[in-house]
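Remarks on the structure that follows.
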Amino acid sequence: MKKLFFTFLTVLSSSFIIGQASGNVNYKNPQSYNNDNNTIDTDFPSNGDIVVSVKGLANIKADAYTAIFSVTQTGKTTKEVNELIDQRITQSLNAIKLKKGVETFVDMISFVPAYEYEAEKKLFNRKTYNEVPAGFELKKNIHIKFSDPNQLNEFIAILSNNEIYDLVRVDYFSNTLETVKREMMLKAKLLVQEKIKNYQELLGETFINAEKRITDDYIVNVPVEMYKSYEAYNGSSLNLKKAANVNQLSKSVTLYYQPVFNKEFDFVINPTVLEPVIQVQYEVKMAISREKKQPLKADKTDKEFILITPNGDLKTLNTNTAKPVH
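Count the sequence shown with mature numbering (1 follows the signal peptide of the UniProt record, and there is no 0) and you get residues -23 to -1, 1 to 303, in order.
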């Protein structure tokens, strides 16, 4: 009797999926987000300067959201297609607009003819399949703006009653973004000054007259970029013949929110993350040159020339006299 050897395989992909209610936009073809791009890197050229660097992170809870649902309708005629899709969308929006603080918008996406294959009957030859018009396909997107994230479940229930299931994505917005950026800049400024003071004490030097260069940058990460996917399943190892047929089942893909970790930052605003948030990173770098400045040379333009005459008299020559104009 053959033995079965089971191994637990957990495949963790490096691809990011989308927001808190991530939607289906990346389910089959995940978009790749490089993890290195989520960290600021504003390097100076390596020239022996002292570089003072401060990094900050802020976690901002969104105060507004926009969910996008895709609607597809097919039909034999243009009139039929338009009437069916308008009926589905209108019934959904009438119920959604009853919710407090909700705004909606319908976006036209595409309107194209659809085709199918028709078999051409022949008595003595193989069947021929010809492509013929079968009707029309109409696509529209429903945009829903809301402020309470718990309302999303209500929207899904309403839309599903009208056979609208495709949640494309959810975008996050915050009205405090610029205020938080200014707060981060002030915190970074104080920390830079503190680090410079510490370096001066360690080196026994002063950087007051030293040449300085400075640069800074922001990165804003929204939840749409910060979801990862993985597959967890039990796989079997069998000694099979080459001619054996193996039918594998589709594995379930699990998504989870992966924020930027706060371990590499000098300060963090709102460090505890319970739900997906907008993350703002700020970094400022200052390069301080330790090269000694050369003392300024004396100006040689203001010199006095004294002429001794044949009689032994001393006469001062004026070298700044303008040349005569011819």
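Glycine included, each C-beta is placed from N, C-alpha and C at the ideal position.
Predicted, not measured: the structure shown is a model, and the values here were computed from it.
First and last residue of the beta strand (DSSP E) that includes arginine 146?
-> Looking at the DSSP string, the run of the beta strand (DSSP E) that includes arginine 146 is 143 to 150.
Return the CA-CA distance between phenylalanine 82 and isoleucine 121, expressed in angstroms with no decimal places.
-> If I take the Cα positions, the gap works out to 7 Å.
Please work out which residues of its chain come closer than 8 Å, Cβ to Cβ, to glutamate 160, disregarding the five sequence neighbours upstream and downstream, and give them in chain order.
-> Ala35, Ile246
Tell me arginine 103's beta-bridge partners as DSSP assigns them.
-> Answer is none; arginine 103 lacks a bridge partner.
Can you grab the Cα-Cα spacing for the pair glutamate 188 / arginine 267, in whole Å?
-> 8 Å
Please state whether DSSP places valine 28 in a helix, a strand or coil.
-> DSSP places valine 28 in strand when its eight states are reduced to three.
Three or more C-beta pairs below 8 Å linking the stretch 251 to 261 and the stretch 145 to 165 = The stretch 145 to 165 and the stretch 251 to 261 touch, with three or more beta-carbon pairs separated by less than 8 Å.
To which residues does DSSP link alanine 96 through a beta bridge?
-> Tyr106
On the premise that phenylalanine 244 lies in contact with valine 145, defined as a C-beta separation below 8 Å, what is that separation, rounded to the nearest angstrom?
-> Contact annotation, valine 145 with phenylalanine 244: C-beta distance approximately 36 Å; criterion of less than 8 Å not satisfied.
With DSSP collapsed to three states, give me the class of leucine 226.
-> coil
Taking only the alpha-carbon atoms, compute the straight-line gap between glutamine 64 and tyrosine 204 and give it to the nearest angstrom.
-> 35 Å
Mark glutamine 225 as exposed unless 16 or more other C-beta atoms lie within 10 angstroms of its C-beta, in which case mark it buried.
-> exposed
Bridge partners - methionine 33, DSSP secondary structure assignment = The question names methionine, but residue 33 in the sequence shown is glycine. In the DSSP output, where bridge partners are listed per residue, glycine 33 has Phe244, Tyr259.
Residue range of the beta strand (DSSP E) that includes phenylalanine 282 = 282 to 285
In terms of residues, what are the limits of the beta strand (DSSP E) holding asparagine 198?
-> 189 to 198
Compare the Cα-Cα distances from threonine 51 to each of Glu93, Thr67, Asp84, Lys76 and report the closest residue.
-> Glu93
State the start and end residues of the unbroken beta strand (DSSP E) segment that holds threonine 293.
-> 291 to 294
Using the C-alpha atoms, what's the distance from lysine 98 back to asparagine 107?
-> 11 Å
Do isoleucine 141 and valine 48 have their CB atoms nearer than 9 Å?
-> The answer is yes: Cβ separation under 9 Å.
How would you call threonine -17, buried or exposed, if buried means at least 16 neighbouring beta carbons within 10 angstroms?
-> In this prediction, threonine -17 has a pLDDT of 37, which is less than 50 and means its spatial position is unreliable; nothing more can be read from the coordinates.
What is the DSSP secondary structure of leucine 163, reduced to helix, strand or coil?
-> helix
Segment contact flag, the stretch 61 to 76 with the stretch 287 to 294, C-beta cutoff 8 Å, min 3 pairs | no
Other residues of its chain near asparagine 152: CB distance less than 8 Å, five sequence neighbours each side excluded = Asp40, Ala41
Since serine 266 is in the beta strand (DSSP E), which residue starts that stretch and which ends it?
-> Careful: serine 266 lies outside any beta strand (DSSP E) and carries neither H nor E.
Sequence-distant residues of its chain with Cβ nearer than 6 Å to glutamate 95 (five each side left out) = Asn107, Val109
Close Cβ partners of glutamate 114 (< 6 Å) along its chain, the five nearest in sequence each way excluded | Thr51, Val89, Ala91
Given glutamate 182, which residues of its chain have a CB within under 6 Å of its CB, disregarding the five upstream and five downstream residues?
-> none
Rounded C-alpha distance that separates phenylalanine 132 from phenylalanine 238 = 32 Å
Identity of the residue in Gln235, Phe184, Phe123 nearest residue 306 by Cα | Look at the range of the chain in this structure, -23 to 303, and you will see that residue 306 is not part of it.
Report buried or exposed for valine 169, applying the criterion of at least 16 other Cβ atoms within 10 angstroms of its Cβ.
-> buried
Run through DSSP, which three-state label would valine 48 get?
-> strand
Alpha-carbon to alpha-carbon, tyrosine 233 and glutamate 208 | Those two C-alpha atoms are separated by around 11 Å.
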